[in-house]
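Peer 1: Those protein sequence lines, which keep their order, are chains F and G. No gaps in the numbering here: position 73 of the first sequence is 117 in this note's numbering, and each next residue is one more. No gaps in the numbering here: position 109 of the second sequence is 122 in this note's numbering, and each next residue is one more. Beta carbons are placed, not taken as given, at the ideal position from N, Cα and C, and that holds for glycine.
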Amino acid sequence: AQTVTQSQPEMSVQEAETVTLSCTYDTSENNYYLFWYKQPPSRQMILVIRQEAYKQQNATENRFSVNFQKAAKSFSLKISDSQLGDTAMYFCAFMKQYTGNQFYFGTGTSLTVIP
Amino acid sequence: ETGVTQSPTHLIKTRGQQVTLRCSSQSGHNTVSWYQQALGQGPQFIFQYYREEENGRGNFPPRFSGLQFPNYSSELNVNALELDDSALYLCASSNGQGINTGELFFGEGSRLTVL
C-alpha cells in the first residue's frame with residue numbers, strides 16, 4: 045500500500061519570502077509520479093508541479109520547485125517570492141505508473157501568505 | 014474549452030437515503046475519476062471510469078457505484094447513506110487511460126451533508 049504523509053498541518057509565510065512544504069511517502073514501487081496540488085478556498089484543485097520518479101533532476105515551474113529525494117522518499121515543495129494568491133491548501137500526491145488516475149493524497153498543509 | 018463541472022454544489026440528505034452526483038468532464042477527456050474528501054483530509058480515490066467501464070476502484074463498499082455515459086460525463090451514486098458519507102465529492106477528468114502525464118483536472122466538488 046502507498047501512504048503519503050504531510051507533517052505540517054498549517055504554515056504561514058510573509059509575502060515575497062520563501063517557504064518549504066514537506067512531504068514523505070512510502071511505497072515499494074520503483075516507477076511512480078509525485079505531485080503537488082493546490083486547493084484554494086474556491087475548492088478547485090489545481091496542479092502545481094509534477095515529478096517523475098525516474099528523473100533525477102528536480103522539477104521546477106516558475107516560483108515553484110521540488111526537492112525530490114528518492115532514497116529518502118521525500119518530496120518537498122519550495123515556493124519562492126510568495127504571493128497572496130498562494131494562500132491555499134497544498135496536497136502532496138503519489139501515483140503508481142500505469143494505474144490511470146488512482147492518486148494517493150496526503151492530508152494537506154494549509155498555507156497562509158501574510159501581507 | 015470547458016472545464017470539469019459538477020452538480021449539485023451542495024445537498025443535504027438523511028441517513029438511509031440515496032444520492033446521485035453528476036460530473037461533466039473537460040472537453041476531450043475520456044477518463045473520469047471520483048474522490049471523497051472528508052473535512053480536514055486529503056481526497057480518497059473511489060473509482061475511475063474509462064470509456065464507460067469501471068477500471069479501478071479504491072477501498073469503498075459496493076453501495077458506492079457509478080456510471081459513465083457515451084459523452085464521457087459521469088454519475089456517482091451512493092445508496093444507504095451513512096453519517097460518515099458527509100464529505101466533498103470531487104470529480105476529475107483526464108485524457109487517456111494509463112497515459113501517465115498524471116495531470117487531473119478537477120471540478121469544484123459536491124458538498125454532501127448526511128443528517
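1. Using DSSP with H/G/I as helix, E/B as strand and the rest coil, what is F:Asp70?
2. Going along chain F, which residues have a C-beta under 8 Å from G:Ser87?
3. Mind checking the stretch 135-146 of chain F against chain G and listing, in chain order, the residues whose C-beta falls within less than 7 Å of any C-beta there?
4. Determine which residues of the stretch 86-120 of chain F have a Cβ less than 7 Å from any Cβ of chain G, and write them out in chain order.
5. Hey, is F:Thr151's beta-carbon within less than 7 Å of any beta-carbon in chain G?
6. Expressed to the nearest angstrom, what Euclidean distance is found between the alpha-carbon atoms of G:Ser87 and F:Ser66?
7. For the beta strand (DSSP E) that F:Gln113 lies in, which residues bound it at each end?
8. On the premise that G:Leu24 lies in contact with G:Ser123, defined as a C-beta separation below 8 Å, what is that separation, rounded to the nearest angstrom?
9. Measuring straight from C-alpha to C-alpha, what distance separates G:Tyr102 and F:Ser109?
10. Restricting to Cα atoms, I'd like to know which of F:Ala60, F:Val57 and F:Asn111 is closest to F:Gln100.
Peer 2: For this structure:
1. Assignment of F:Asp70 by DSSP, reduced to helix, strand and coil, places it in the strand class.
2. Under the 8 Å cutoff, chain F gives no residues; its nearest Cβ is about 12 Å from G:Ser87.
3. Near chain G, meaning a CB-to-CB distance below 7 Å, the residues of the stretch 135-146 of chain F are Phe135, Met139, Gln141, Tyr142, Thr143, Gly144, Asn145 and Gln146.
4. Result list: Ser86, Arg87, Gln88, Met89, Leu91 and Arg94.
5. With respect to chain G, the C-beta atom of F:Thr151 has a partner C-beta closer than 7 Å.
6. Taking the straight line from one Cα to the other gives about 34 Å.
7. Taken as a continuous stretch (DSSP letters only), the beta strand (DSSP E) holding F:Gln113 covers Phe108 to Gln113.
8. Contact between G:Ser123 and G:Leu24 holds: CB atoms are separated by about 7 Å, below the 8 Å threshold.
9. Rounded to whole angstroms, G:Tyr102 to F:Ser109 spans 29 Å at the Cα level.
10. Closest in alpha carbon position to F:Gln100, among F:Ala60, F:Val57 and F:Asn111, is F:Asn111.
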